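Asker: With the first letter of the sequence shown counted as 1, position 139 gets the number 164 in the working numbering; the numbers rise by one all the way through. First the structure, then my questions, so here it is.
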Amino acid sequence: MNFEAARAGLIKHLATEIRDKRVLKAMSRVPRERFVPLGERHSAYEDMPLPIGFGQTISQPYIIALMTESLELTGEEKVLEIGSGSGYQSAILAELARLVITVERLPTLAKEAKSLLGSLGYKNIEVHLAEPTLGWPSEAPYDAIIVTAGAPKIPDALLEQLVIGGRLVVPVGSRYEQELYKITKGRKKNVVQSLGGCRFVPLIGEDAWEK
Ligand code: SAH
């Protein structure tokens, strides 16, 4: 299979909805086929989520592009990702930001993502095994935070880890379907925008769903 051609085809499809050229360029540099299980590689450039084991999924490319675009990255930012999963979203963020801190609750996924991102040459990504507290407070505050699992409500713990003016993108809703929110943190009030419906695996732990 010609992955380069398939990747170019996907980017062309995404370009009909996603206006930020930098996001499209970043996605054209990351080999999604490396982040999916061998048996799924033929589908790596279809615009859909794919299983990555342990009941988890690598998100749909369109949703990844939409969430990344809404973080408004310019290259200077320190970004936090909740849910490293395959590491694919982390790689895209690393193409667009200064430093990516990503946390994952499942040890095997964290280990695999770390080794793959290392072998692809990424030096500006730190993969951490998640702690009970949501996020990664020890390196806060972050310029942008992306949550790649569905939360029951906008997590206060993450708003606390964001700079004033920072963007938090998070799916909020039930365990099975959510609405994607972009929250821009203000000094007094936050601005909340909806980016539409989505389906993510549940965010597990403190400030989120029970196992
Ligand atoms: N961004 C990933 C998508 C992974 S799916 C990718 O590009 O492949 C969501 C991931 O969030 C799962 O791997 C799940 O184990 C993880 N997760 C769920 N709750 C979490 C929490 N509280 N902290 C860290 N990771 C969490």
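Just so it is clear, CB atoms sit at the ideal spot from N, CA and C, and this is done for glycine as well. Keep in mind it's a predicted model, so treat the numbers as computed, not measured.
(1) Using a Cβ-Cβ cutoff of less than 7 Å, which residues in the same chain neighbour Trp-161 once the five nearest sequence positions on both sides are dropped?
(2) If you measure from the CB of Ser-144, is any heavy atom of the ligand SAH nearer than 7 Å?
(3) Once the 5 residues before and after Leu-141 are set aside, which same chain residues still bring their CB inside 6 Å of it?
(4) Indicate the three-state DSSP secondary structure (helix, strand or coil) for Gln-186 in the structure shown.
(5) For Glu-185, count neighbouring C-beta atoms within 10 Å of its own C-beta (all shown protein chains included) and say buried if the count is 16 or more, exposed if not.
(6) Does the beta carbon of Glu-129 fall short of 7 Å from some heavy atom of the ligand SAH?
(7) At a cut of 8 Å, does the stretch 46 to 59 reach the stretch 203 to 216 through at least three beta carbon pairs?
(8) Any idea which residues DSSP pairs His-153 with across the strands?
(9) Could you tell me whether the stretch 110 to 124 touches the stretch 93 to 102, where touching means 3 or more Cβ pairs closer than 8 Å?
(10) Please report the straight-line C-alpha distance between Leu-220 and Glu-137, rounded to a whole angstrom.
(11) Classify Thr-133: buried if its beta carbon has 16 or more other beta carbons within 10 angstroms, exposed otherwise.
(12) For a test of your reading of the model: does the CB of Ile-77 fall under 7 Å from any non-hydrogen atom of the ligand SAH? Yes or no.
(13) What is the DSSP secondary structure of Arg-200, counted as helix, strand or coil?
(14) Given this structure, state the Cα-to-Cα distance separating Arg-47 from Lys-213, to the nearest angstrom.
(15) With a threshold of 7 Å, establish whether the CB of Val-226 neighbours any heavy atom of the ligand SAH.
Answerer: Put simply:
(1) Leu-105, Ile-126, Val-128 and His-153
(2) no
(3) Gly-112
(4) coil
(5) exposed
(6) yes
(7) no
(8) Val-128
(9) yes
(10) 31 Å
(11) exposed
(12) yes
(13) coil
(14) 31 Å
(15) yes
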